[in-house]
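**Student:** Attaching a single structure in structure tokens format; questions to follow.
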């Protein structure tokens, strides 16, 4: 026996009656050939539509008889592992946040030390420049030139963050746009940057709700209420 065979779960699904598929295909082919040119044909079509709805309801019932237990089992399995997944997700978030906090603190310290090093280098260059000027006044031209050469090469050492490089761990910077003033944003696009119009997403569900409520009285510039007719049939 394979060492993993005991871990396998075998699910047996009984195939539905083929007659259901045959009836479904027949109704589809019938609908493809439909030509409704008289009231009598319209009544026949309505009867066939009811048959389609009834068969769809029956097939869905049989489908749910199979998927229901599967979905229930899946839900229970997910619930079983959810606490561990949540704990690990929280642990990952906490550790990442603390690593980022450590890195930012080390970077802050490095920036502070760099500023101090730059200031010391500036002060040293200033002293050398003053010494070079004094040497010139005293006629010591060669010494003055040497001092000015030192001024040119006097630079602060680069301070590097002491945050360690950890194998398998990297810091990734992801830039995201944040809307701080929605009205200003929309006004800017409308007046100056029509090419950015795609950045404004329409809440179609909310817009449809407005149309259903106000119907032809919907009065919003750039928007119109559009009626769509559909046939509603009960099985």
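In this note's numbering, the protein residues as written are 445 to 679. Heads up, the beta-carbon is just placed ideally off N, CA and C, and yes, glycines get one too.
1. According to the neighbour-count rule (16 or more other Cβ atoms, all chains shown, within 10 Å of its Cβ), is residue 634 buried or exposed?
2. At a cut-off of 8 Å, would you count residue 465 as near the ligand NAP, judging by its Cβ distance to the nearest heavy atom?
3. How far does the alpha helix (DSSP H) with residue 512 in it reach, from first residue to last?
4. Please go through the same chain and pick out, in chain order, the residues whose beta-carbon is closer than 7 Å to the beta-carbon of residue 496, but skip the five residues on each side of it.
5. Would you be able to state if there are at least three C-beta pairs under 8 Å between the region 590–605 and the region 553–565?
6. Nearest CA to the CA of residue 571: which residue from 591, 671 and 625?
7. Mark residue 509 as exposed unless 16 or more other C-beta atoms lie within 10 angstroms of its C-beta, in which case mark it buried.
8. Going by DSSP in three states, residue 610 sits in which element: helix, strand or coil?
9. Rounded to the nearest angstrom, what separates residue 501 and residue 469 at their Cα positions?
10. If you reduce the DSSP assignment to three classes, tell me which class residue 667 lands in.
11. Pick helix, strand or coil for residue 457, following the three-state DSSP scheme.
12. Tell me which residues share the same chain as residue 506 and place their Cβ nearer than 7 Å to its Cβ, disregarding the 5 neighbours each side in the sequence.
13. If you follow the alpha helix (DSSP H) that residue 589 is part of, which residue opens it and which one closes it?
14. Using a Cβ-Cβ cutoff of less than 8 Å, which residues in the same chain neighbour residue 605 once the five nearest sequence positions on both sides are dropped?
15. My output table needs one value for residue 650: the three-state DSSP class, helix, strand or coil.
16. Considering residue 633, what are the terminal residues of the alpha helix (DSSP H) in which it resides?
17. Can you tell which of 622, 485 and 494 has its C-alpha closest to the C-alpha of residue 677?
18. Consult DSSP for residue 659 and reduce its assignment to one of helix, strand or coil.
19. Would you grab the beta carbon distance between residue 478 and residue 490 for me? Rounded to a whole angstrom, and I think it's under 8 Å.
20. Do residue 492 and residue 517 count as a contact pair if the criterion is CB distance below 9 Å?
21. Thinking C-beta only, is residue 660 closer than 9 Å to residue 669?
22. Please go through the same chain and pick out, in chain order, the residues whose beta-carbon is closer than 7 Å to the beta-carbon of residue 575, but skip the five residues on each side of it.
23. From residue 664 to residue 647, what does the alpha carbon distance come to, in whole angstroms?
24. Looking at the structure shown, is residue 480 part of a helix, part of a strand, or coil, going by DSSP?
**Tutor:** According to the structure data:
1. Mapped onto the chain shown, residue 634 falls at position 190. Exposed is the call here.
2. Summarising the ligand content, the structure contains no ligands, and the ligand NAP is consequently not present.
3. What you label residue 512 is simply residue 68 of the chain shown in a count that begins at 1. Element bounds for residue 512: 483–581.
4. The residue labelled residue 496 in the question sits at position 52 within the chain shown. Contacts found: 471.
5. yes
6. As a first step, residue 571 must be located in the chain shown, where it is residue number 127. Taking only the C-alpha atoms, the option nearest residue 571 is 591.
7. In the chain shown, residue 509 corresponds to position 65, counting from 1. Exposed: under 16 other Cβ atoms inside 10 Å.
8. Numbered from 1 along the chain shown, position 166 holds the residue referred to as residue 610. DSSP places residue 610 in coil when its eight states are reduced to three.
9. Within the chain shown, residue 501 is the residue found at index 57, counting from 1. Within the chain shown, residue 469 is the residue found at index 25, counting from 1. Residue 501 and residue 469: Cα-Cα distance of roughly 15 Å.
10. Here residue 667 refers to the residue found at position 223 of the chain shown. DSSP places residue 667 in strand when its eight states are reduced to three.
11. To locate residue 457, count along the chain shown from 1; it is residue 13. Residue 457: coil per DSSP, three-state reduction.
12. Residue mapping note: residue 506 aligns to position 62 of the chain shown, counting from 1. Here the set comprises 460.
13. Counting from one through the chain shown, the residue named residue 589 turns up at place 145. 585–597 is the extent of the alpha helix (DSSP H) around residue 589.
14. Residue numbering aside, residue 605 sits at position 161 when the chain shown is read from its first letter. Taken in chain order, the residues that qualify are 547, 550, 551, 553 and 554.
15. Mapped onto the chain shown, residue 650 falls at position 206. In this structure, residue 650 counts as helix in the three-state DSSP scheme.
16. Translated into positions along the chain shown, residue 633 becomes position 189. Where residue 633 is concerned, the enclosing alpha helix (DSSP H) stretches over 626–635.
17. Along the chain shown, read from residue 1 onward, the residue named residue 677 stands at position 233. Ranking 622, 485 and 494 by Cα distance to residue 677 puts 494 first.
18. Residue numbering aside, residue 659 sits at position 215 when the chain shown is read from its first letter. Residue 659 falls in the helix class under three-state DSSP.
19. Reading the chain shown from its first residue, position 34 is the one you call residue 478. Reading the chain shown from its first residue, position 46 is the one you call residue 490. About 12 Å; that fails the 8 Å criterion.
20. Looking up residue 517 in the chain shown gives position 73. Looking up residue 492 in the chain shown gives position 48. Contact: no.
21. Your numbering for residue 669 matches position 225 in the chain shown. Your numbering for residue 660 matches position 216 in the chain shown. In this structure, residue 660 lies closer than 9 Å to residue 669 by Cβ.
22. Stepping through the chain shown from its first residue, residue 575 is reached at position 131. The residues are 591.
23. On the chain shown, position 220 is the one that residue 664 refers to. On the chain shown, position 203 is the one that residue 647 refers to. Each residue's alpha carbon lies about 14 Å from the other.
24. By one-based count along the chain shown, residue 480 stands at place 36. Correct three-state label for residue 480: coil.
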